[in-house]
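Residue numbers for the sequence shown follow the UniProt record's numbering, so the first one is 1 and each next one is one higher. For each residue, glycine too, the CB sits at the ideal point set by N, CA and C.
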Amino acid sequence: MNPAPNLFLIGPMGAGKSTVGRHLAELLRMPFLDLDHEIEAHTGAAISLIFELEQEAGFRRRESALLAELTARQGIVLATGGGAVLDADNRRLLRERGYVIWLDASVDAQLARLARDRNRPLLQAPDRRERLEHLAAQRNGLYSETADLHLDSVGVGNSMHAAHDLLDLLEARWQRGRAETTA
Numbered sequence: 001m002n003p004a005p006n007l008f009l010i011g012p013m014g015a016g017k018s019t020v021g022r023h024l025a026e027l028l029r030m031p032f033l034d035l036d037h038e039i040e041a042h043t044g045a046a047i048s049l050i051f052e053l054e055q056e057a058g059f060r061r062r063e064s065a066l067l068a069e070l071t072a073r074q075g076i077v078l079a080t081g082g083g084a085v086l087d088a089d090n091r092r093l094l095r096e097r098g099y100v101i102w103l104d105a106s107v108d109a110q111l112a113r114l115a116r117d118r119n120r121p122l123l124q125a126p127d128r129r130e131r132l133e134h135l136a137a138q139r140n141g142l143y144s145e146t147a148d149l150h151l152d153s154v155g156v157g158n159s160m161h162a163a164h165d166l167l168d169l170l171e172a173r174w175q176r177g178r179a180e181t182t183a
């Protein structure tokens with residue numbers, strides 16, 4: 001058992017972190033937070049506008065600052081954005097302050113799930129498959145390094161089924177605990 005006060009979901013866009021995370025939080029009777037939604041609420045601006053005005057680097061600074069704040073809480077389920085793992089300090093905070101679940105999806109599954117989505121700045125590319133493959137090559141090693149548990153969200157049914165599957169896995173591997181204190 002790996003005691004931790006929080007559950008953090010990482011993984012690529014379209015893996016279901018927000019929908020599965022919301023169901024999982026309900027099952028565990030824990031508050032659910034979505035990092036991208038929290039960034040929008042704190043800034044009053046859409047993620048796409050932040051990218052437009054501040055580029056990806058500006059967005060990542062905001063993401064890191066809010067991630068540090070949110071992961072300091074106790075007893076939450078947090079869905080991160082796909083790129084939150086790019087920063088080494090973010091990865092450290094996720095590992096130190098919670099139990100990290102890598103919710104994964106193949107590029108084919110991502111393409112199907114994101115087919116109508118036009119709001120994701122990093123998906124605004126002439127060849128979406130190529131972009132998703134590039135992001136996977138860049139990030140999958142970081143997801144693996146950070147995660148306590150890896151679950152492929154493809155083939156597990158709908159998001160509620162995935163949350164139940166995840167809950168079953170967590171019962172054997174995770175217990176709610178207190179965060180480690182770091183000096």
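For residue j and residue i, the rounded distance between their alpha carbons
{"i": "Thr182", "j": "Phe59", "result": "No answer about Thr182 holds up, because its pLDDT of 47 lies below 50 and its placement is not dependable."}
{"i": "Thr70", "j": "Asn90", "result": "A quick correction: the sequence has Leu, not Thr, at residue 70. Each residue's alpha carbon lies about 11 Å from the other."}
{"i": "His161", "j": "Val20", "result": "9 Å"}
{"i": "Asp34", "j": "Ile76", "result": "10 Å"}
{"i": "Ala45", "j": "Ser144", "result": "31 Å"}
{"i": "His23", "j": "Ala84", "result": "21 Å"}
{"i": "Met30", "j": "Leu94", "result": "17 Å"}
{"i": "Leu151", "j": "Leu166", "result": "8 Å"}
{"i": "Gly82", "j": "Gly11", "result": "5 Å"}
{"i": "Phe32", "j": "Pro126", "result": "34 Å"}
{"i": "Asp36", "j": "Arg118", "result": "16 Å"}
Cβ neighbour criterion (16 or more within 10 Å) applied to residue i
{"i": "Arg97", "result": "buried"}
{"i": "Asp104", "result": "buried"}
{"i": "Asp168", "result": "exposed"}
{"i": "Gln175", "result": "exposed"}
{"i": "Ala41", "result": "exposed"}
{"i": "Ala25", "result": "buried"}
{"i": "Ala72", "result": "exposed"}
{"i": "Ala147", "result": "buried"}
{"i": "Thr141", "result": "The identity of residue 141 in the sequence shown is Gly, whereas the question assumes Thr. So Gly141 ends up on the exposed side."}
{"i": "Leu53", "result": "exposed"}
{"i": "Ala15", "result": "buried"}
Extent of the continuous beta strand (DSSP E) run through residue i
{"i": "Val100", "result": "Tyr99 to Asp104"}
{"i": "Val85", "result": "Here Val85 belongs to no beta strand (DSSP E), and DSSP marks it neither H nor E."}
Contact set for residue i: own chain, Cβ-Cβ below 6 Å, skip 5 residues either direction
{"i": "Gln74", "result": "Pro5"}
{"i": "Leu9", "result": "Lys17, Gly21, Ala79, Ile101 and Leu103"}
{"i": "Leu132", "result": "Val107 and Gln110"}
{"i": "Leu86", "result": "none"}
Proximity below 8 Å, CB of residue i to CB of residue j
{"i": "Pro121", "j": "Ser64", "result": "no"}
{"i": "Ala163", "j": "Leu7", "result": "no"}
{"i": "Leu135", "j": "Arg173", "result": "no"}
Heavy atom of the ligand SAH within 7 Å of residue i beta-carbon
{"i": "Met13", "result": "As far as ligands go, the structure on display features none, and thus does not contain the ligand SAH."}
Sequence-distant residues of the same chain with beta carbon closer than 7 Å to residue i, five excluded per side
{"i": "Gly177", "result": "Pro3, Ala4 and Pro5"}
{"i": "Arg129", "result": "Val107 and Leu111"}
{"i": "Glu56", "result": "none"}
Element boundaries [alpha helix (DSSP H), containing residue i]
{"i": "Ile10", "result": "Careful: Ile10 lies outside any alpha helix (DSSP H), inside the beta strand (DSSP E) at Leu7 to Ile10."}
{"i": "Leu27", "result": "Lys17 to Leu28"}
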